[in-house]
Amino acid sequence: MNDWSLMLCCSVAVLLCQPVQTYENLALHKPAYQLNPYKGFNEGQADAAVDGLKNNTAIWSDQCVISEEGKKIALWWVNLTRISSIHHITVYYVTGRAPWGPTNSFAEEFLGFSIYVSNTTERKDGILCFEDTNSTIYNIPPVFNITCLVHGQFVLYYNERMSRKKTRERMSKHAFNDLCEVEVYGCPDSGYYGYDCSKRCHGSNCGYCHIETGICQGCKPGYQGQDCKLECGIGFYGPNCQYECNKTCKNTDICDHITGTCEDRCLPGWQGMDCLEKCGTGFYGPNCQYECSKTCKNVDICDHVTGSCKDGCKPGWHGMDCLQKCGTGFYGPNCQYECSETCKNAAICDHITGSCEDGCKPGWQGMYCLEKCGTGFYGPNCQYECSKTCKNAAICDHITGSCEDGCKPGWQGMYCLEKCGTGFYGSNCQYECSKTCKNAAICDHITGSCEDGCKPGWQGMYCLEKCGTGFYGSNCQYKCSETCKNAAICDHITGFCEDGCKPGWQGMYCLEKCGTGFYGPNCQYECSKTCKNAAICDRITGSCEDGCKPGWQGIYCLENPVTHHTTMEHPWDDIENDYPPHIMDGIEKFERSYLERERERKRRIQKAKEKKQQWKQDFIQRNLDTPSTAMEEEETEKETLPKRNVNRKSRRVGFLVIEPKEQEDNNANKGKGKGKGKGKGKQSKPSKRRKTTQSQQTQVVKPLNYIEID
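Set out below in structure tokens:
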């Protein structure tokens, strides 16, 4: 065998009796392990076989290992903690309380076991020291003493009950680790031998030797040859010089012939005595002295040799080692993004975040200048508010501030900061100030209201309303003259009486009384020549204020009581209206007094009728008695009655117009006693008590338009 760590030095023998122990028990209190431990019984664990206790080999004692039932494989091992020179191994099996032999059930479980020595926990990597192939339940001992002159670190107990393996008579169906103690005797240092392990192996460079004779069985690492005096050749090292110096040594041909350590240190990216360790996380290069770039995407990961960033660079950096900033105008991961065009300087932005270092172009805001100015703001850094005179004060161009929806009424220009030009106002300044403003060129630029007030005759905010009825002039503060024909109507600008003047007044404003000798509408009529003073009459009605000239009577001195004829000088003879328009206001008082007189007249007439009726009755009675006397009384009575034949039943309220009685009689004859005048009023019949002739003239009333008065 060439492997110094695992060498079978002599033949294996099974001893049925225990010799005198002189070697050290290398397994005592060393780490142990078993496959399929018995659950629920902590005392039966693997270390129970190396605790040094073996005086009670019963299954349920706390000195033995117990494994699960029903398993096909049983495995147990002890770790000697280092490669040692082993001389022999002693195994104590569970015996229980029954005598050992064919009647003991544990004997059949012991059949077929094996012992291995290895430098690993795998039995296939080691040497088989013993395998039970011939024992039976009749001859297998409860204690096995196995001589095994080998070198190794792990001692393994193995048993199996595989279906493919032919079982012996009375061999148990399942495999168990029922071990009470396993003792491994030898020298802990493979370079020594002898019963007390005090002798050094022959030859200074001998790695291990026969534990009994001391004959060298293998060289120490780094040496070779029969007497182990030769060092390993260039480029090799270790046990039997079987290992090549590491390729990560700086000089691959030079390494320590024993340990393999790189004498000239390591290539960049490697560390350790043998240069087999990569640089620690975050380091690279010769002797792993350099830190990975902080601009690597993953700071702790870079190529341990070159330092290149394996996962790429952090945003804003590029290059193998991520030490170069992004070029002008670019930023971000792999420098793949262009700086925002809305940066103040589109070519300059933060190479990592892309934020605009010099701020934003007008109309933009935010770290990346990608956000438009908020509603109502514009310009550099969105620091300016949209003009309050924009049509929609919250909306303007986010860059220039121009009013996108136009201006509020009264303003113009891109920013709506210019008032409408002189003489204009309103939306888009499209409307002209009212011509009726006091100063036609000046009005409120927003509303169009006349700031200096209105021209005479106009009113309202925009001076578009004429003065209200009855008013005129500046601010419509003046009332139309009450002497206008229609006091509520005059020129709204000048105050001129548009319909002329009331009777008795003249002039543009009807403020001048009629001149001497004139009266009526517009003073166009002359006072009656029959007035006592022809030059003086009432300027409104034309009535003779000083009375009449001799031979004339009536208000207008137009009645001749002698001829019972009326002078047709009244200027309104043929007017069909209710009242002459020029005396409407002037006759109101007259009418009231007339009505009072008329009521008094009716009362007298009624009284006269009653008296007349009484007279008739008296007359008839007298005629029956003395007719002549009655006739005389009748004549006397006639003399006492009023000499008036004017029918007062139907007359016009107001001034009376007198016409000859002859015409009335003709009309009366045609209407069979029911005369009709021009005013379509009823005429009274002539008095039965009085005879009339065609030549006789009588005063009658001709109404123009009249009302019935009973």
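Numbering (mature numbering (1 follows the signal peptide of the UniProt record, and there is no 0)), first residue to last: -22 to -1, 1 to 688.
Cβ coordinates follow ideal geometry from the N, Cα and C atoms, glycine included.
Since the model is a prediction, treat every value here as computed from it, not as a measurement.
| Query | Result |
| --- | --- |
| Distance CB(alanine 10)-CB(tryptophan 38) smaller than 8 Å | no |
| For valine 128, three-class secondary structure by DSSP | strand |
| Cβ neighbours of residue 698 in the same chain (closer than 7 Å, five flanking residues each side left out) | The question about residue 698 has no answer, for the chain in this structure spans -22 to 688. |
| Proximal residues to glycine 478 (C-beta, below 7 Å), its chain only, five neighbours per side dropped | Lys463, Pro499 and Asn500 |
| Burial state of cysteine 212, where buried means 16 or more other Cβ atoms lie within 10 Å | The question names cysteine, but residue 212 is isoleucine in the sequence shown. By the neighbour-count rule (16 or more Cβ atoms within 10 Å), isoleucine 212 is not buried but exposed. |
| Three-state secondary structure (DSSP) of alanine 85 | helix |
| Beta-carbon contacts of serine 63 that lie in its chain and below 6 Å, excluding the five residues immediately before and after | His129, Gly164, Cys165, Ser168 and Ile189 |
| For tryptophan 248, the residue or residues it bridges with in DSSP | Lys256 |
| Residue span of the beta strand (DSSP E) that contains tryptophan 55, given as start and end | 51 to 71 |
| Spatially closest choice to tyrosine 136 from His152, Asp281 and Cys505, by CA coordinates | His152 |
| Alpha carbon of cysteine 441 to alpha carbon of asparagine 417, nearest angstrom | 11 Å |
| CA nearest to the CA of isoleucine 105, picked from Ser113, Thr114, Val95 and Thr111 | Val95 |
| From Arg517, Leu301, Arg178 and Asn117, residue whose alpha carbon lies closest to that of cysteine 313 | Leu301 |
| Assigned secondary structure, leucine 395 (DSSP; H/G/I helix, E/B strand, else coil) | coil |
| C-beta atoms of lysine 32 and glutamine 41 nearer than 8 Å | yes |
| Which of helix, strand or coil DSSP assigns to lysine 621 | For lysine 621, the predicted model reports a pLDDT of 42, less than 50, meaning its position is unreliable; a value from the coordinates is still stated below. In this structure, lysine 621 counts as coil in the three-state DSSP scheme. |
| Classification of lysine 154 by the beta-carbon crowding that lies within 10 angstroms, buried from 16 upward | This sequence places phenylalanine at residue 154; lysine is not what is there. Phenylalanine 154 comes out buried. |
| Three-state secondary structure assigned by DSSP to alanine 324 | coil |
| Sequence-distant residues of its chain with Cβ nearer than 6 Å to threonine 68 (five each side left out) | Asn123 and Glu161 |
| DSSP bridge partner residues for glycine 451 (one or two, in chain order) | Beta-bridge pairing links glycine 451 to no other residue. |
| Where glycine 196 falls: helix, strand or coil (DSSP) | strand |
| Backbone CA spacing between tyrosine 268 and lysine 256 [nearest angstrom] | 13 Å |
| 6 Å CB neighbourhood of aspartate 466 in its chain, flanking five on each side removed | What sits at residue 466 in the sequence shown is alanine, not aspartate. Excluding positions up to five away in sequence, the list reads Thr447 and Gly448. |
| Span separating the alpha-carbon of lysine 292 from that of lysine 275 | 4 Å |
| Beta-bridge pairing of cysteine 240 - partner residues as DSSP gives them | Cys233 |
| Stretch-stretch touch, CB-based, cutoff 8 Å, three pairs: the region 111 to 119 with the region 170 to 179 | no |
| Coil, strand or helix - arginine 75 by DSSP | coil |
| Nearest neighbour of phenylalanine 91, chosen from Leu157, Asp469 and His66 [CA to CA] | Leu157 |
| Beta-carbon contacts of lysine 350 that lie in its chain and below 7 Å, excluding the five residues immediately before and after | Gly341, Trp342 and His376 |
| Inter-residue CB distance, aspartate 328 and tyrosine 309 (contact presumed, cutoff 8 Å) | 6 Å |
| Contact under 8 Å by Cβ, cysteine 253 with glutamate 241 | no |
| Cutoff 6 Å; reference aspartate -20; Cβ partners in own chain excluding five residues on either side | Because aspartate -20 sits at a pLDDT of 40, beneath the cut-off of 50, its placement in the model cannot be relied upon, and the following sentence gives the value as read from the coordinates. Cβ within range, chain order: n/a, list empty. |
| Cysteine 334 vs tyrosine 346 beta-carbon contact at 8 Å | yes |
| Where arginine 148 sits in the DSSP three-state scheme | coil |
| Cysteine 270 beta carbon less than 8 Å from that of cysteine 244 | no |
| Other residues of its chain near serine 673: CB distance less than 6 Å, five sequence neighbours each side excluded | Any reading at serine 673 needs caution, since the residue's pLDDT is 36, under 50, leaving its predicted position unreliable; the model's value is listed next. If we look at serine 673 and ignore the five residues flanking it on each side, it has no Cβ neighbours. |
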